[in-house]
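Step one of this worksheet: look at the structure below.
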Amino acid sequence: MTARSWIDEHDEELRRALRGLRRQSSTLESWGATLADRLSSGGRLLAAGNGGSAAEAQHLTSELVGRFLGERRPLSAICLSAETSSVTALVNDYGVAEMFARQVEAHARPGDVLVLMSTSGRSPNVLHAAQRAREVGDVTVWSLTGRGPNPLASASDDALCVDAPSTAAVQAVHLVAVHALCAALDAELALRDDRPELEPQPAPNRQIGMTA
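My numbering puts the first residue of the sequence shown at 1, with every later residue one more than the last.
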């Protein structure tokens with residue numbers, strides 16, 4: 001296969017997959033509104049994935065701690081797959097299945113959001129992370145996967161499944177979804193900032209220094 005023929009095939013895969021993503025745009029809008037609530041009230045986002053999905057998980061957290069479209073305050077987000085010393089120690093001491101799950105147990109608090117990325121939806125370490133989030137309690141689990149149904153989507157509170165035949169196409173559309181989620185979050189935060197403050201209510205009339 002030549003570079004040109006690969007690009008042509010990839011382009012067609014992306015076109016079909018992006019049409020499917022558009023049909024799931026309401027999911028991203030809902031996630032953006034939820035994140036605005038959680039991150040504005042002291043919660044954090046945790047994210048993890050393997051390989052290319054690890055890079056995209058880190059991309060997501062960097063957009064939140066930094067910024068996406070407009071200037072705003074930094075938002076709390078940790079990429080578990082980027083914690084190289086923790087990851088290597090956990091794999092060495094506890095095995096691959098615990099590399100994200102133990103970090104979830106350490107960092108997640110009730111009200112936090114855990115975003116897990118897997119093109120197959122079957123990676124054992126992300127599945128263990130989803131299960132551990134359940135054990136922590138009141139941690140919302142979202143997943144971005146390839147074709148559904150799959151085990152990770154089933155283990156999540158909500159999932160965005162990309163129907164594409166290749167890993168490359170799934171990962172490319174996941175990146176679009178990450179950016180769309182950040183845009184939805186920024187729009188929701190901006191909307192809330194634009195809402196007028198409630199007018200202070202006048203204090204009840206009192207006559208100071210007089211008894212009833």
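Glycine included, each C-beta is placed from N, C-alpha and C at the ideal position.
Residue i: buried (16+ other C-beta within 10 angstroms of its C-beta) or exposed?
i      : result
Leu152 : buried
Thr2   : exposed
Thr213 : Lying outside 1 to 212, the shown extent of the chain, residue 213 is not represented and no answer is given.
Arg134 : exposed
Arg4   : exposed
Ala190 : exposed
Thr34  : buried
Arg23  : exposed
Asn150 : buried
Grab me the residues of residue i's own chain with a C-beta within less than 6 Å of its C-beta, minus the 5 sequence neighbours each way, in chain order.
i      : result
Ala57  : Ala47, Ala48, Gly49, Cys79, Ser81, Met117
Pro124 : Ala97
Ala54  : Ser81
For residue i, verify whether its CB is less than 7 Å away from any heavy atom of the ligand SAM.
i     : result
Asp37 : Ligands are entirely absent from the displayed structure, and the ligand SAM is therefore not among its contents.
Consult DSSP for residue i and reduce its assignment to one of helix, strand or coil.
i      : result
Leu185 : helix
Asp138 : coil
Met1   : coil
Asp158 : strand
Ser118 : strand
Ala130 : helix
Leu144 : strand
Just to confirm the assignment, what range does the alpha helix (DSSP H) spanning residue i have?
i      : result
Ser62  : 52 to 65
Asp37  : 25 to 40
Ala106 : 98 to 107
Check whether chain B comes within 8 Å of residue i, counting only Cβ atoms and requiring the distance to be less than that.
i      : result
Ala108 : Looking for chain B here will not work: only one protein chain is present.
Within its chain, find whatever has a CB closer than 7 Å to the CB of residue i; leave out the 5 residues flanking it on each side and keep chain order.
i      : result
Val65  : Pro74, Leu75, Ala77
Arg132 : Ala101, Val104, Glu105
Ala108 : Leu46, Leu114, Ala133, Val136, Val139
Got a sec, what are the start and stop residues for the beta strand (DSSP E) residue i sits in?
i     : result
Val91 : Element bounds for Val91: not the beta strand (DSSP E) but the alpha helix (DSSP H), 84 to 94.
Ala47 : 45 to 49
Ala77 : 77 to 79
Would you please state the rounded distance, in angstroms, between the beta carbons of residue i and residue j? I believe it to be under 8 Å.
i      : j      : result
Asp163 : Trp142 : Going by Cβ atoms, the distance from Asp163 to Trp142 rounds to 18 Å, so no, they are not a contact pair.
His10  : Ala180 : Their Cβ separation, rounded to whole angstroms, is 20 Å, which puts His10 and Ala180 out of contact at 8 Å.
Val69  : Asp186 : A small fix is needed here, since residue 69 is Leu in this sequence, not Val. Between Asp186 and Leu69 the Cβ distance is about 5 Å, and since that is below 8 Å, they are a contact.
Leu21  : Val176 : 6 Å
Leaving out the 5 sequence neighbours to the left and right, which residues in its chain are closer than 8 Å to residue i when beta-carbon positions are compared?
i      : result
Arg16  : Asp163, Ala164
Gly137 : Pro110
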